[in-house]
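Report on one structure; see the data block that follows.
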Amino acid sequence: MKAISARGVTVRLGGRAVVREVELEVPRGQWVGLIGPNGAGKTTLLRALAGLVTHEGAVALHERPTGELTRREWSRIVAVVPQEPVTPPWMTVAEYVLLGRTPHLGQLARESTHDRVAVTRTLARLDLLDERDRLLGTLSGGERQRVVVARALAQEASIVLLDEPTAALDIGHQQQALELLDTLRSESELTLVAAMHDLTLAAQYADRMVLLDRGRVEADGPPDEVLTEEAIARHYDAEIRVVRVDDRLAVVPARTGR
Amino acid sequence: MPETAIEVQRSIAPAEAVRARGVSTGWAIAAGVFLAGALVLGVLAGPLHIGAGDAFHSLLARLGLSDSSPLDPTAESILWDLRVPRVVLAALVGGMLAIAGATYQGVFHNPLADPYLLGVAAGAGLGATLAISYLPRALAGHQVLPISAFVGGAAAVVVTWAIGRSAGRERDATTFVLAGVVVASFFTAIQTFVQQQNSDTLQEVYSWILGALPSSGWSDVGVLAPYVVVASGVILAYRRVLDVLSLGDTEAASLGIDVGRIRLTLVVAATVGTAAAVAVSGLIAFVGIIVPHTIRLLAGTSYRGLLPLSFVVGAGFLVVADVIARTALSPAELPIGVVTAFFGGPFFAVALSSMRGRA
Chain A
1225 MKAISARGVT VRLGGRAVVR EVELEVPRGQ WVGLIGPNGA GKTTLLRALA GLVTHEGAVA
1285 LHERPTGELT RREWSRIVAV VPQEPVTPPW MTVAEYVLLG RTPHLGQLAR ESTHDRVAVT
1345 RTLARLDLLD ERDRLLGTLS GGERQRVVVA RALAQEASIV LLDEPTAALD IGHQQQALEL
1405 LDTLRSESEL TLVAAMHDLT LAAQYADRMV LLDRGRVEAD GPPDEVLTEE AIARHYDAEI
1465 RVVRVDDRLA VVPARTGR
Chain B
166 MPETAIEVQR SIAPAEAVRA RGVSTGWAIA AGVFLAGALV LGVLAGPLHI GAGDAFHSLL
226 ARLGLSDSSP LDPTAESILW DLRVPRVVLA ALVGGMLAIA GATYQGVFHN PLADPYLLGV
286 AAGAGLGATL AISYLPRALA GHQVLPISAF VGGAAAVVVT WAIGRSAGRE RDATTFVLAG
346 VVVASFFTAI QTFVQQQNSD TLQEVYSWIL GALPSSGWSD VGVLAPYVVV ASGVILAYRR
406 VLDVLSLGDT EAASLGIDVG RIRLTLVVAA TVGTAAAVAV SGLIAFVGII VPHTIRLLAG
466 TSYRGLLPLS FVVGAGFLVV ADVIARTALS PAELPIGVVT AFFGGPFFAV ALSSMRGRA
């Protein structure tokens, strides 16, 4: 079953087409690594899939056209981990993650016991239970990242869109965050679309990579096919070598005689 | 082996489940004591001495729990027809301005937002000035002036909203703030012009702008109370949504919130309540900013706690300010807006500096 089906998706921002005629079908449970140079339209495409920006073309989520969805229904299907999430410093970890229940609550409702138990479970799963009463302003970058992922999981959405989930993390925390996402994906049958700048990490975790440049899908397939020296040179204007480390791809910058 | 979801769920008893902080017991008691103390002080303070015991027995008599009031008819009348309604009015105005200020700050993601942000003050000022300057003396009393101020305030916000929307960026809070600045300057310009043309009413307009609570018995309370109850009720009902909005418009939308509609609802509630308060009391500055911020600094809480605490503390704060306004230069009255700014400003500065070093 297809989790995401996008047909001819075009997004115009200020009259300029930032995403052009994107065709994307993602089966349930797949991890898609969305790559491309700065300004390629990765964030905008994620926002279109999340219904946060108006677009041309058709998007269906789990075979339901998004035009039929209310804002709340959409948020029960798709959770977003933004690149720079707003984390009010006065909010506790528990309060922040509880906000993830919003799409399941009536507008004026409070969280029920069921919601609070579900959030407690999510916190336990991400090893955040001891941090429940800490204020967001006191968290480290790695903890903050986990808390934002926890909020997205508390949403109980089957599709999670991540915009540069590891940008603010050191290499150890990058690996931990991605391993965690991979574990959660298999446990909860999540479909993940993650925009990433780190091509090596993207290649190691994604089942499939989609290369976006100037709003268009320029390559789409397994990492082996998408991540070629020639494609990276063309779209990123970068000199790199693609090598194999433990049978997985790694992208290494190369300095030629300039 | 990872436990299955159901097993983990069973292992978490509802009693252990996390919850959002609302108003903590300690702060609820502190705010309640502050308001109660302010109300008692407000009722007892005045040129005619009325003892606390006598006032209490008079209250019991009114409630039918005691045979007769120990007060003579004049004191009885001063107590129940002047002081109590004025104290109640101060509490309603203060609570409304404080909760409206907190709401505007949340809705527009702007810590400097106050209830006058979208032009209520300038519009009400114009409405009041027109009423004072052009209406026949007989009409310009307590009936027409508040209505005129209310209509002016509401009209200014409608114009602000129309301009903000016409920019086509409903989700952008800054557009509305800028539109509010534009509308406020424009309305103030007209108001100043009208004022200049009618210099004989300058004094009256000026004292209205500085704010003053009328001593007109229960009629103003009766007019204002329904607006305050409905407006604060709506705002309090949305207090959880205001926590969601504090994540910014985009993230709130990604959590299923219709940001444009919620913002409109909350702005209408806060504006109607503010316009009604301004209509009876004039422009009382500063309450809408310092009360919510002081609570944020001291109690450090989410909107769920902030909004009810703002109402209670704002109510107490304005009652105390009114006591100062009518006793400091007795029998003359200070404009209450001067008192709120004169004492509120330094107090806020102290609260701000005491927070330094605490994260």
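Read top to bottom, the protein sequences are chains A and B. Quick note on the working numbering: the first sequence kicks off at 1225 and runs consecutively. Quick note on the working numbering: the second sequence kicks off at 166 and runs consecutively. Glycine included, C-beta positions come from ideal geometry on N, C-alpha and C. This structure is a prediction, so every number in the text was calculated from the model and none was measured.
**Prompt:** What's the gap between the Cα of alanine 203(B) and the Cα of isoleucine 312(B)?
**Reply:** 29 Å
**Neighbour-count burial assignment, glutamine 361(B), 16 or more Cβ in a 10 Å radius** = exposed
**Prompt:** Just the Cα atoms here: how many angstroms apart are leucine 1332(A) and valine 445(B)?
**Reply:** 31 Å
**Message:** For chain B, check one thing: does any of its Cβ atoms lie closer than 9 Å to the Cβ of alanine 1401(A)?
**Reply:** no
**Strand pairing of proline 379(B), partner residues [DSSP]** = Answer is none; proline 379(B) lacks a bridge partner.
**Request:** Please specify which runs of the beta strand (DSSP E), each continuous and at least 3 residues long, are wholly inside the stretch 326-411 of chain B, giving them in chain order.
**Result:** none
**Message:** I'd like to know whether the C-beta of glycine 1253(A) is nearer than 9 Å to at least one C-beta of chain B.
**Reply:** no
**Message:** What ranges does the beta strand (DSSP E) occupy inside the stretch 1358-1429 of chain A, keeping only unbroken runs of at least 3 residues that lie completely in it?
**Reply:** 1383-1387, 1415-1419
**Message:** Can you tell me whether glycine 1239(A) is helix, strand or coil according to DSSP?
**Reply:** coil
**Asked** When every heavy atom of the ligand GTP is checked, does at least one fall within less than 8 Å of the C-beta of tryptophan 326(B)?
**Response** No copy of the ligand GTP occurs in the structure displayed, which carries no ligand at all.
**C-alpha gap between valine 183(B) and leucine 282(B), whole angstroms** = 36 Å
**Sufficient close CB pairs (3 or more, under 8 Å) joining the stretch 416-433 of chain B to the stretch 252-261 of chain B** = no
**Item:** methionine 261(B) - DSSP class collapsed to helix/strand/coil
**Value:** helix
**Prompt:** Is valine 485(B) near glycine 290(B), with beta carbons less than 9 Å apart?
**Reply:** no
**Item:** Among Glu241(B), Gly229(B), Ala193(B), Ala226(B), nearest to isoleucine 215(B) - alpha-carbon criterion
**Value:** Glu241(B)
**Prompt:** For serine 419(B), which of helix, strand or coil comes out of DSSP?
**Reply:** helix
**Request:** Would you identify the three-state DSSP class for aspartate 1437(A), choosing helix, strand or coil?
**Result:** strand
**Item:** Contact set between the stretch 402-414 of chain B and chain A, restricted to residues whose Cβ is under 8 Å from the partner
**Value:** Ala402, Tyr403, Arg405, Val406, Asp408, Val409, Ser411, Leu412, Gly413
**Asked** Which word fits arginine 1325(A), buried or exposed, when buried means at least 16 other C-beta atoms lie within 10 angstroms of its C-beta?
**Response** buried
**For leucine 471(B) and leucine 1414(A), the rounded distance between their alpha carbons** = 37 Å
**Prompt:** Are the stretch 1274-1291 of chain A and the stretch 1340-1349 of chain A touching by the rule of at least three beta carbon pairs closer than 8 Å?
**Reply:** no
**Prompt:** Just checking, does the stretch 1301-1320 of chain A make contact with the stretch 1372-1381 of chain A on the three C-beta pairs under 8 Å criterion?
**Reply:** yes
**Asked** Along chain A, in chain order, which residues have C-beta atoms closer than 8 Å to that of serine 350(B)?
**Response** Residues of chain A passing the Cβ test: none, with the nearest at roughly 28 Å.
**Item:** Per-residue contacts from serine 467(B) into chain A (C-beta, under 9 Å)
**Value:** Pro1312, Trp1314, Met1315, Thr1316, Glu1319
**Whether glycine 318(B) touches leucine 483(B) by CB criterion (9 Å)** = no
**Asked** Relative to chain A, which residues along the stretch 250-282 of chain B have a C-beta separation below 7 Å, given in chain order?
**Response** none
**Request:** Could you tell me which uninterrupted beta strand (DSSP E) segments, each at least 3 residues in length, are contained entirely in the stretch 1267-1306 of chain A, listed from first to last along the chain?
**Result:** 1280-1285, 1302-1305
**Prompt:** If we ignore side chains and look at the alpha-carbon of each, how far apart do leucine 310(B) and aspartate 487(B) end up?
**Reply:** 21 Å
**Request:** Output yes or no for whether 9 Å exceeds the beta carbon distance between proline 1477(A) and alanine 1462(A).
**Result:** yes
**Request:** Counting only the same chain and skipping the five closest in sequence on each side, list residues whose C-beta sits under 7 Å from that of valine 285(B).
**Result:** Gly318, Ala321, Val322, Thr436, Thr439, Ala440, Val443
**Message:** Can you give me the C-alpha to C-alpha distance between leucine 474(B) and tyrosine 403(B), rounded to a whole angstrom?
**Reply:** 15 Å
**Prompt:** Should arginine 1472(A) be labelled buried (16 or more other beta-carbon atoms within 10 Å of its own) or exposed?
**Reply:** exposed
**Within 9 Å, strictly: CB atoms of valine 456(B) and tryptophan 326(B)** = no
**Message:** Tell me the DSSP secondary structure of tryptophan 1314(A) in three-state form.
**Reply:** coil
**Asked** At which residues does the alpha helix (DSSP H) containing alanine 240(B) begin and terminate?
**Response** 238-242
**Prompt:** Should the stretch 1245-1265 of chain A be called in touch with the stretch 1431-1442 of chain A, which here means at least 3 C-beta pairs below 8 Å?
**Reply:** yes
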